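Only one structure is covered here, and it is reproduced in the block below.
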Amino acid sequence: MRCAPILLLAGLLAVALGLPGCQSAPAERPDTLVDLATVQSGPRVQADELNGALRQQPGNVALLSRRAALRLAAGQPTAALRDAATALDLGDGDNEGPLYFLQARALRMLGRLPEALAAARLAADNGFTGPELPLLVGETHLAAHDYPAALDNLDRALRLDPDQPAALFYKGLAYAASADTAQALDYLRAALAREPRQPEILHQLAFLYNAQRNPEQAVRYATRGLRLDTASGALHYDYGRQLELKGVADSAAWYYRRALVLDTTQYRADYRLALAAGALGQRPATIIPHLARALRRNPRLPEARALLAEALEAHNQLPAALAQYRLLVAENPGNAHWTFKVWKVGNRARLLLPDSLRPALLYYPGPPRARPPAVESLPPLGGLPPS
41 MRCAPILLLA GLLAVALGLP GCQSAPAERP DTLVDLATVQ SGPRVQADEL
91 NGALRQQPGN VALLSRRAAL RLAAGQPTAA LRDAATALDL GDGDNEGPLY
141 FLQARALRML GRLPEALAAA RLAADNGFTG PELPLLVGET HLAAHDYPAA
191 LDNLDRALRL DPDQPAALFY KGLAYAASAD TAQALDYLRA ALAREPRQPE
241 ILHQLAFLYN AQRNPEQAVR YATRGLRLDT ASGALHYDYG RQLELKGVAD
291 SAAWYYRRAL VLDTTQYRAD YRLALAAGAL GQRPATIIPH LARALRRNPR
341 LPEARALLAE ALEAHNQLPA ALAQYRLLVA ENPGNAHWTF KVWKVGNRAR
391 LLLPDSLRPA LLYYPGPPRA RPPAVESLPP LGGLPPS
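Residues in the sequence shown are numbered consecutively from 41, following the working numbering.
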């Protein structure tokens with residue numbers, strides 16, 4: 041990714057007014073701007089325009105390659121893969137490297153990471169040598185959580201293009217995932233110096249500074265990001281988090297709710313709203329939806345499952361609470377508290393069933409006790425006369 045510039049279509053209409061007063065001007069209708077959202081243009085339409093030519097020349101590798109690239113640019117990776125495969129089957133040795141690279145990009149877009157890496161190797165084997173290749177391979181390894189391989193390939197990309205902002209950005213993410221926050225911040229700031237209007241870089245910087253509990257730095261980047269992208273749920277979350285760290289809870293909650301309106305995948309906003317509601321003693325019905333959504337996105341949030349189970353129990357949703365307590369036992373084997381909760385809530389849930397469907401109540405034996413030592417290991421009794 042070299043962070044692609046946002047293309048702006050600006051239609052500037054200059055209307056000259058001020059006709060001479062002695063003339064009667066005809067009634068004029070105001071010029072109407074065309075709704076650009078309804079204008080068909082861009083790579084998808086350009087790809088469709090090649091259909092007729094390919095019907096006449098189905099074996100034209102150049103046209104197939106062009107349409108594959110346009111399909112990929114239009115967000116149609118499956119169609120791009122079909123065209124690339126057809127072009128490769130037709131066998132144009134001079135163009136195979138770029139076609140395999142296009143396949144790798146399409147497979148990465150589809151989340152098929154091992155296949156994307158295999159296609160990237162074929163691209164290299166067939167002479168594709170641009171910095172885009174190690175960049176793609178590095179980002180794919182990053183998505184697969186293979187951070188050493190990601191860093192190796194991103195370094196290769198930077199040797200070929202030292203000012204590549206995407207490689208610097210992904211290196212920052214790899215170091216952040218490896219818990220090397222200082223290196224992560226250095227690379228993200230370097231990426232921002234080369235792409236100062238990229239909201240995603242600003243979000244990652246704000247997020248990391250919040251994670252360091254440094255809201256004074258986080259607010260700088262979150263504010264800059266929101267000026268560039270007012271519809272970013274991630275940046276609204278970042279801004280809310282720095283407010284929470286400063287103790288401005290009401291304003292933080294507003295930004296968390298706004299983040300969820302803009303982007304329902306911002307599970308951390310749900311989590312923070314649930315924690316705040318619990319701390320204020322709000323009703324379980326307020327807490328349950330936030331925690332349920334957050335756990336669907338990240339099952340390992342600290343204390344979230346315990347809070348959800350207890351909220352469901354308090355709200356008398358016993359079967360749902362029992363399911364959460366059972367997960368807690370599976371995650372914490374041997375924990376006496378969660379084992380007791382499974383027994384207690386399980387029996388309460390059984391009592392809600394009709395008599396004909398109700399199984400016998402379970403007996404809770406209590407926590408396991410230490411077994412007495414074997415007779416052979418008991419110490420000899422002293423003071424008794426010999427037999």
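Note that CB positions come from ideal geometry on N, CA and C, so glycine has one too.
Note that this is a predicted model, so its numbers are computed, not measured.
CA-to-CA distance, Phe-209 to Arg-229, given in whole angstroms: Taking the CA atoms as reference points, Arg-229 sits about 8 angstroms from Phe-209.
- prompt: Can you give the Cα-Cα distance for Trp-294 and Leu-103, rounded to whole angstroms?
  reply: 52 angstroms
message: Given a cut-off of 8 angstroms on the beta-carbon distance, is the pair Gly-300 and Asp-290 in contact?
response: According to the sequence shown, residue 300 is Leu rather than Gly. For Leu-300 and Asp-290, no; Cβs fall outside 8 angstroms.
message: Restricting to runs no shorter than 3 residues, where is the beta strand (DSSP E) found entirely within the segment 275-332?
response: Listed in chain order, the beta strand (DSSP E) elements of length 3 or more contained wholly in the segment 275-332 amount to none.
- prompt: At what residues does the alpha helix (DSSP H) containing Gly-212 begin and finish?
  reply: 205-217
field: CA-to-CA distance, Leu-173 to Glu-235, given in whole angstroms
entry: A straight line joining the alpha-carbon of Glu-235 with that of Leu-173 spans about 21 angstroms.
- request: Could you tell me whether the Cβ atoms of Glu-284 and Arg-312 are closer together than 8 angstroms?
  value: Yes. Within cutoff.
- request: State the DSSP-derived secondary structure class of Gly-170, mapped to helix, strand or coil.
  value: coil
Closest residue to Leu-191 among Gln-238, Leu-242, Gln-143, Ala-217 (Cα-Cα distance): Ala-217
query: What residue from Leu-176, Tyr-279, Arg-106 has the CA that sits closest to Ala-160's CA?
result: Leu-176
task: Give the DSSP-derived three-state secondary structure of Ser-64 in the structure shown.
output: For Ser-64, the pLDDT reaches just 36, beneath the cut-off of 50, and the residue's location in the model is therefore unreliable, leaving the point undetermined.
message: Let's test the definition: count the other Cβ atoms within 10 Å of the Cβ of Ala-109 and tell me whether it reaches 16, buried, or not, exposed.
response: buried
message: Output needed for Val-259: all residues of its chain with C-beta closer than 6 angstroms, excluding positions within five of it in sequence on either side, in chain order.
response: Gln-282
Simplified DSSP assignment, three categories, for Arg-237: coil
message: Quick check: the Cα distance between Ala-163 and His-181, rounded to an integer number of angstroms?
response: Cα-Cα distance, rounded: 17 angstroms.
- prompt: So Leu-348 packs on Gln-322, CB below 8 angstroms; how close in whole Å?
  reply: Their Cβ separation, rounded to whole angstroms, is 14 angstroms, which puts Leu-348 and Gln-322 out of contact at 8 angstroms.
- prompt: Going by alpha carbons, who is nearest to Glu-343 out of Arg-337, Leu-352, Glu-353, Leu-331?
  reply: Leu-331
message: Suppose contacts are defined by Cβ-Cβ distances below 8 angstroms. Is Leu-150 in contact with Pro-117 by that definition?
response: yes
- prompt: Which stretch, first to last residue, makes up the alpha helix (DSSP H) that contains Arg-122?
  reply: 117-130
Heavy atom of the ligand FAD within 7 angstroms of Arg-145 beta-carbon: Among the components of this structure there are no ligands whatsoever, and the ligand FAD is therefore not found.
field: Reduced DSSP secondary structure (H/G/I, E/B, other) of Asn-250
entry: helix
task: Consult DSSP for Gly-374 and reduce its assignment to one of helix, strand or coil.
output: coil
message: Is the separation between the beta-carbon of Thr-221 and that of Leu-248 shorter than 8 angstroms?
response: yes
message: The alpha helix (DSSP H) that contains Gln-143, what's its start and end?
response: 136-149
message: Quick check on DSSP: helix, strand or coil for Arg-388?
response: helix
task: Quick one: give me the first and last residue of the alpha helix (DSSP H) that Pro-188 is part of.
output: 187-200
- prompt: How would you label Pro-188, buried or exposed, when you count the other beta carbons within 10 angstroms and need 16 or more for buried?
  reply: Exposed.
message: Looking only at its chain, what residues have a beta carbon closer than 6 angstroms to the beta carbon of Ala-314, apart from the 5 residues adjacent to it on each side?
response: Leaving aside the five residues that flank Ala-314 on each side, the residues in its chain whose CB is nearer than 6 angstroms to its CB run, in chain order, Ile-327, His-330, Leu-331.
message: What would DSSP say about Ala-361, mapped onto helix, strand or coil?
response: helix
- request: For Thr-304, count neighbouring Cβ atoms within 10 angstroms of its own Cβ and tell me buried if that reaches 16, exposed if not.
  value: With fewer than 16 other Cβ atoms from the protein chains shown falling within 10 Å of its own Cβ, Thr-304 counts as exposed.
message: Closest to Gly-386 by C-alpha separation, out of Ala-370, Gly-374, Glu-353, Glu-371, would be which residue?
response: Glu-353
field: DSSP state of Pro-6 mapped onto helix, strand, coil
entry: Not covered by the structure: residue 6. The range shown for the chain is 41 to 427.
field: Length of the line joining the Cα atoms of Pro-339 and Ala-346
entry: 11 angstroms
message: Starting from Ala-258, trace the alpha helix (DSSP H) in both directions and tell me its first and last residue.
response: 255-268
- prompt: Taking all protein chains shown into account, do 16 or more other C-beta atoms lie within 10 angstroms of the C-beta of Pro-324, making it buried, or fewer, making it exposed?
  reply: buried
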